[in-house]
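Everything below concerns the one structure shown next.
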Amino acid sequence: MDNSVKEQLIQWAEKYNDPEYFQEDPVIFPTMMAEKYRRGECSLADVEITALMAAHLAWGRRAMIVRDCTRAMDEMGWKPYSYVMAGDYRSGDTSLHRTVKWSEFAQICGRLKEIYSGRESIEGMSNGEIRCLIYGRKEDPKAPDKKINMMRRWMVRDDGKVDLGLWKKSDKRDLLIPLDVHVYDQAVAIGLTCRKQKDIVTVREITDAFREIFPDDPCKGDFSLFGYGVTHGGK
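First residue of the sequence shown? That's 47 in our numbering, and the numbers climb one at a time after it.
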């Protein structure tokens with residue numbers, strides 16, 4: 047990778063890894079819950095459930111995502127763990143967010159109740175387990191798992207800025223870039239990948255490119271891509 051490109055990516059990462067740029071972003075919901083957790087006002091499971099729901103709804107316009115995450119949190123009374131464990135969920139065919147119906151929200155809550163009945167935290171669950179056992183998706187070893195990798199970034203990265211750093215047994219060196227269409231387009235434009243498929247192989251290729259720049263924290267590169275999107279009219 048050209049040194050000037052590396053330097054630009056480092057500058058973007060340093061500039062945009064800042065809560066100032068994420069005031070209207072789904073990360074604000076687990077952030078609020080994490081602040082309560084640090085004050086001893088809720089459990090780690092409350093933060094995890096909030097992060098899972100916010101990540102699940104994180105597609106489309108940011109204002110719409112924030113609006114609909116707020117609807118989900120209001121439904122849970124901002125006490126997601128208590129709501130999940132109580133077992134009385136809003137369901138039905140009306141939309142919570144775009145094509146996500148309240149019935150899907152209820153199914154996720156039901157699966158979370160089963161999981162939290164046997165454990166205090168979902169830290170340690172693999173992407174495949176979260177995909178199938180929580181989100182109820184089919185097994186797909188090639189899937190980029192954007193939502194899960196984003197949620198994992200929130201929970202693991204611990205520099206005290208945008209991300210929460212609450213999963214202490216996880217290593218940020220193992221994190222993968224959350225890959226959606228915008229991130230893919232930005233990575234291609236910068237030259238981090240030339241693969242056509244938006245799959246796990248491409249995710250690993252982009253992550254490995256950032257590992258050259260941020261060897262101990264490759265997902266810091268996600269903020270570089272955000273910076274590219276901002277400066278080039280994308281993200």
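Positions of the beta carbon are idealized from the N, C-alpha and C atoms, including for glycine. These numbers were taken from a predicted model, which means no experiment stands behind them.
When you compare only the Cα positions, how much space is there between alanine 118 and serine 50? 44 Å
Can you give me the Cβ contacts of aspartate 33 inside the same chain, cut-off strictly under 8 Å, excluding the 5 residues immediately before and after it? Absent from the model: residue 33. The displayed extent of the chain is 47 to 281, so no value can be given.
Would you mind working out which of Asp204, Lys147 and Gly133 sits nearest aspartate 139, comparing C-alpha positions? Lys147
Lysine 188 - DSSP class collapsed to helix/strand/coil: coil
Under DSSP, the alpha helix (DSSP H) around leucine 222 begins and ends at which residues? Segment: none, leucine 222 is in no alpha helix (DSSP H) and carries neither H nor E.
State the start and end residues of the unbroken alpha helix (DSSP H) segment that holds leucine 55. 49 to 62
Where the alpha helix (DSSP H) through histidine 143 begins and ends: Careful: histidine 143 lies outside any alpha helix (DSSP H), inside the beta strand (DSSP E) at 141 to 143.
Using only the heavy atoms of the ligand ADP, determine whether one of them is closer than 7 Å to the beta carbon of serine 128. Absent from the structure shown: the ligand ADP. Ligands present: none.
Could you check where the alpha helix (DSSP H) with glutamine 153 kicks off and where it finishes? 148 to 162
Taking just the CA atoms, how far does threonine 277 sit from cysteine 88? 38 Å
Closer than 6 Å by C-beta to threonine 96: which residues in its own chain qualify, once you throw out the five before and the five after it? Chain order, please. Phe75, Pro76, Met79 and Pro126, listed in sequence order.
Under a Cβ-count criterion, where at least 16 other Cβ atoms within 10 Å of its own Cβ denotes burial, should methionine 110 be classed as buried or exposed? exposed
Among residues of its own chain, excluding the 5 on either side of tyrosine 62, which ones have a beta-carbon nearer than 6 Å to its beta-carbon? Phe269, Phe272 and Gly273
Alanine 91 and tyrosine 162 closer than 8 Å at C-beta: yes
How would you call lysine 266, buried or exposed, if buried means at least 16 neighbouring beta carbons within 10 angstroms? buried
Take alanine 152 as the anchor and find which of Arg113, Met171 and Met131 has the nearest alpha-carbon. Met131
Are arginine 199 and aspartate 191 closer than 8 Å when you measure CB to CB? no
Measuring alpha carbon to alpha carbon, tell me which of Arg183, Trp213 and Met171 ends up nearest glutamate 150. Arg183
Neighbour-count burial assignment, threonine 253, 16 or more Cβ in a 10 Å radius: Counting Cβ neighbours within 10 Å, threonine 253 comes out buried, since at least 16 surround it.
Once the 5 residues before and after isoleucine 180 are set aside, which same chain residues still bring their CB inside 6 Å of it? Arg157
Backbone CA spacing between methionine 197 and aspartate 48 [nearest angstrom]: The straight-line gap from Cα to Cα measures roughly 31 Å.
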